[in-house]
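Written out below as structure tokens is the structure these notes cover.
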Amino acid sequence: MSGAISFLDANLAIDLALLAMLVVLAAAIAMTRKLLAAILLMGVYSLVSAVWLVVMDAPDVAFTEAVVGAGVSTIVLLGAILLTRAEAEKTGWGRLIAPALIAVATGALLVYAALDLPSFGDPTSPANAYVGRTYLEVASRDTGAANVVTAVLASYRGFDTLGETTVIFAAGVGVALALGFGERAAPASRLMAGATGDHNVVLRVAAKLLIPIIALFAFYVQFHGDLGPGGGFQAGVILAVAVILHALVFGLRETMTAVKPSFARGVAALGVLLYSGIGVVCIVNGGGFLDYGHLFTAEIEAQIPPGLLGDPGATHHWGQHFGIFFIELGVLFTVAATMVTIFYGFAGRSPGGEAKL
Amino acid sequence: MSFLLDHLNYVAVVVLMMGGLFIVFSSGNLIKRMVGLAIFQTSTGLFYISLAKVSGGTAPIMINAASKEGQALAAELDLAYVAAHGLDGVVYSNPLPHVLILTAIVVGVSTLAVGLAIAVRLREAYGTLEADEIAALDRETPKSTGAGP
């Protein structure tokens, strides 16, 4: 067992160093009154926690945290302070005592409870020994996907993921209801013009080079999701970031000509429809909702050439394979289009409110 | 000492959670509160992922134990340990919490956007983002619905 311990120690040192950085960053965010600083520190916090997640063997989650935490949520927060004010009021020392006491009391109770938890990294802990273990044993055989996280996300817990996709769509609708779709974008919106002028040439050239590569990378992440880290959620956010980068550099008006707000909201709804449509097709073909084994009838399955995905000798789970493919596509549509819709909502507004017509 | 090391990860996550909770309660500014809530939420995710870690494990993406990577991983570990907790010669971490947290992060940014959108509307209606000033304005004009034009 000595080999295991030395391996663990090296891992543990990196793990604790990163956690210490996170604690320092959280403290810095708590102390600062400048909202811009707090938001940028939050981006750094997300990146550090993404690195920590890689150390914890969770590359899929790390990927998501990096693109969402450091990318989209920073942009949304910046959009919000652009419309409001970049500084918080000073809070008196006396007002900090009660919150500090509440936080310390809650923390103390949780630490007391945490000491009863199984040791960190225990392979026989209840969390690791039963259902997670079973997924590892059966996922690859059942679905043909090497990445167990994708198999669980898209197949075993497909219903759960449908709910989450719907929540994201609903959040997009919520932002649109509060801030509008950005269609009648106020001319006073600070993002209307983009980075014009001679001193932004480098920015424009670099963005022009980067945007196609970012979009291409999004599709790689999307279609490679069952073999390596990635999938619809990550790819959707990366694709949205390509659109947002275009808007930041070339101006909102240019971007809205390329990706119309009405197109974005249509695609967001289409994604949820595609996802639940796959579920209904499974019911029509005699299975349960999202039961990919019944996605294709036997006649259709017989017509799929055995060499379609390479190696003709290997067993292919066509229903599972195409089921995961299509619902991941639905997730991509909804996530990417919702993020763009949210961005349009924030960016299309002027600081004083909607343009008085 | 070993007992403390075994649980240090959980304690660190609890400290992060305390930081988030403190920001939510202490800050009057609505956007700062949202940032605190995001830290709080991330700490919950980190706790789940901590629980999912298996000593000497690797990411839950199936690899062949006979491949170079598989052998390099196995070389770090005891044979009996791999036989007891591994799958076809490779030890993997638990994939299930990864799935839960992955989707929770994306849902988290969507709900953050909704919260910020409401904060922006509040600022337009009240001219401030400080929770106590908004409450004071509400007390002054009890008939007002607080909604913008």
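Residue numbers (our numbering), protein chains in the order written: chain A, 1315 to 1671; chain B, 1003 to 1151.
Ideal Cβ placement from N, Cα and C applies to all residues, glycine included.
Using a C-beta to C-beta distance shorter than 9 Å, which residues of chain B count as neighbours of T1420 of chain A? Neighbours of T1420 of chain A on chain B, chain order: V1016, M1019, M1020, L1023.
Start-end ranges of the alpha helix (DSSP H) lying completely within the stretch 1369–1417 of chain A, minimum 4 residues: You should have 1373–1381, 1387–1397.
Can you give the beta carbon distance from R1123 of chain B to A1492 of chain A, rounded, assuming they're within the 8 Å contact cut? Going by Cβ atoms, the distance from R1123 of chain B to A1492 of chain A rounds to 5 Å, so yes, they are a contact pair.
Inter-residue spacing [alpha-carbon to alpha-carbon] between L1355 of chain A and D1436 of chain A: Between the alpha carbons of L1355 of chain A and D1436 of chain A lies a distance of about 33 Å.
Taking DSSP as the reference, what is the three-state secondary structure of S1664 of chain A? Here S1664 of chain A sits in strand by DSSP.
Run of the alpha helix (DSSP H) containing Y1094 of chain B, from where it starts to where it stops: Counting along the chain, no alpha helix (DSSP H) covers Y1094 of chain B, and no H or E run does either.
Just to confirm, are D1329 of chain A and A1054 of chain B a CB contact at a threshold of 9 Å? No. Outside cutoff.
For the alpha helix (DSSP H) holding H1513 of chain A, just list the boundary residues, first then last. Premise fails: H1513 of chain A is in no alpha helix (DSSP H) and is neither H nor E.
Mind pulling the chain B residues with CB within less than 7 Å of G1542 of chain A? One finds I1063 in chain B with Cβ atoms closer than 7 Å to the Cβ of G1542 of chain A, taken in chain order.
If you run the structure through DSSP and keep just helix, strand and coil, what is T1611 of chain A? Assigned with DSSP and collapsed to three states, T1611 of chain A falls in coil, not helix or strand.
Starting from the beta carbon of Y1094 of chain B, find every residue of chain A whose beta carbon is closer than 7 Å, and list them in chain order. Residues of chain A passing the Cβ test: L1450.
For L1476 of chain A and A1549 of chain A, believed in contact at Cβ under 8 Å, the rounded distance: Between A1549 of chain A and L1476 of chain A, the beta carbon gap of about 17 Å keeps them out of contact (Cβ cut-off 8 Å).
For the stretch 1549–1568 of chain A and the stretch 1371–1391 of chain A, state whether three or more C-beta atom pairs, one from each stretch, are separated by less than 8 Å. Under the three-pair Cβ rule at 8 Å, the stretch 1549–1568 of chain A counts as touching the stretch 1371–1391 of chain A.
Do V1595 of chain A and L1609 of chain A come within 9 Å of each other at the CB atom, strictly closer than that value? Taking 9 Å as the Cβ cut-off, L1609 of chain A and V1595 of chain A qualify as a contacting pair.
Among A:A1651, A:Y1470, A:W1407, A:A1465, which one has its Cα closest to the Cα of V1557 of chain A? Measuring from the Cα of V1557 of chain A, the nearest candidate turns out to be A:A1651.
If you draw a straight line from the C-alpha of T1113 of chain B to the C-alpha of I1395 of chain A, how long is it? Going from the Cα of T1113 of chain B to the Cα of I1395 of chain A covers about 17 Å.
I'd like the span of the alpha helix (DSSP H) that includes P1575 of chain A, first residue to last. That run of the alpha helix (DSSP H) goes 1575–1598.
Taking the straight line between their C-alpha atoms, what separation do you get for G1602 of chain A and G1593 of chain A? Rounded to whole angstroms, G1602 of chain A to G1593 of chain A spans 8 Å at the Cα level.
How about D1456 of chain A and L1104 of chain B: do their beta carbons lie closer than 9 Å? No, Cβ-Cβ distance for D1456 of chain A and L1104 of chain B is not below 9 Å.
Using the beta-carbon of each residue, which ones in chain E are nearer than 7 Å to I1656 of chain A? You won't find chain E in this structure, because its protein chains are A and B.
9 Å Cβ cut-off: residues of chain A touching K1070 of chain B: Contact note: K1070 of chain B does not reach chain A at a C-beta cutoff of 9 Å; the least C-beta distance is about 17 Å.
Give the single residue among A:V1535, A:A1532, A:G1496 whose Cα lies nearest to the Cα of T1672 of chain A. Residue 1672 of chain A lies beyond the stretch modelled for chain A, which goes from 1315 to 1671, so this question has no answer here.
In three-state DSSP terms, what is E1142 of chain B? Correct three-state label for E1142 of chain B: helix.
Quick one, which of A:V1516, A:H1635, A:F1636 has its alpha-carbon nearest V1563 of chain A's? In this structure, A:V1516 is the residue among A:V1516, A:H1635, A:F1636 with its C-alpha nearest to the C-alpha of V1563 of chain A.
Helix, strand or coil for T1420 of chain A, going by three-state DSSP, please let me know. When DSSP states are grouped into helix, strand and coil, T1420 of chain A belongs to the helix group.
When you compare only the Cα positions, how much space is there between M1335 of chain A and G1633 of chain A? It is roughly 45 Å from the alpha-carbon of M1335 of chain A to the alpha-carbon of G1633 of chain A.
Which of helix, strand or coil DSSP assigns to I1295 of chain A: The structure shown has nothing for residue 1295 of chain A, since chain A only spans 1315 to 1671.
Give a yes or no on whether 9 Å exceeds the smallest Cβ distance from L1391 of chain A to chain B. It does: the Cβ of L1391 of chain A has a partner Cβ on chain B nearer than 9 Å.
So what does DSSP say about L1431 of chain A, is it helix, strand or coil? Reduced to three states, the DSSP call for L1431 of chain A is coil.
Any beta carbon from chain B within less than 9 Å of L1562 of chain A's own beta carbon? It does not; no Cβ of chain B falls within 9 Å.
At what residues does the alpha helix (DSSP H) containing N1066 of chain B begin and finish? Annotation: N1066 of chain B is outside any alpha helix (DSSP H) and is labelled neither H nor E by DSSP.
Counterpart residues of N1442 of chain A in DSSP-defined beta bridges: The partner list for N1442 of chain A (beta bridge, DSSP) is empty, contrary to what the question assumes.
C-beta neighbour in chain A for R1152 of chain B, strict 9 Å: Because chain B spans 1003 through 1151 in this model, residue 1152 of chain B falls outside it and cannot be assessed.
Can you find a C-beta in chain A that's less than 9 Å from the C-beta of A1040 of chain B? Interface residue, yes.
Kindly say whether T1046 of chain B, judged by its beta-carbon, lies nearer than 9 Å to any beta-carbon of chain A. For T1046 of chain B, not one C-beta of chain A is nearer than 9 Å to its own C-beta.
Closest to N1066 of chain B by C-alpha separation, out of B:D1090, B:A1137, B:D1080, would be which residue? If we check each option's Cα against that of N1066 of chain B, B:D1090 comes out closest.
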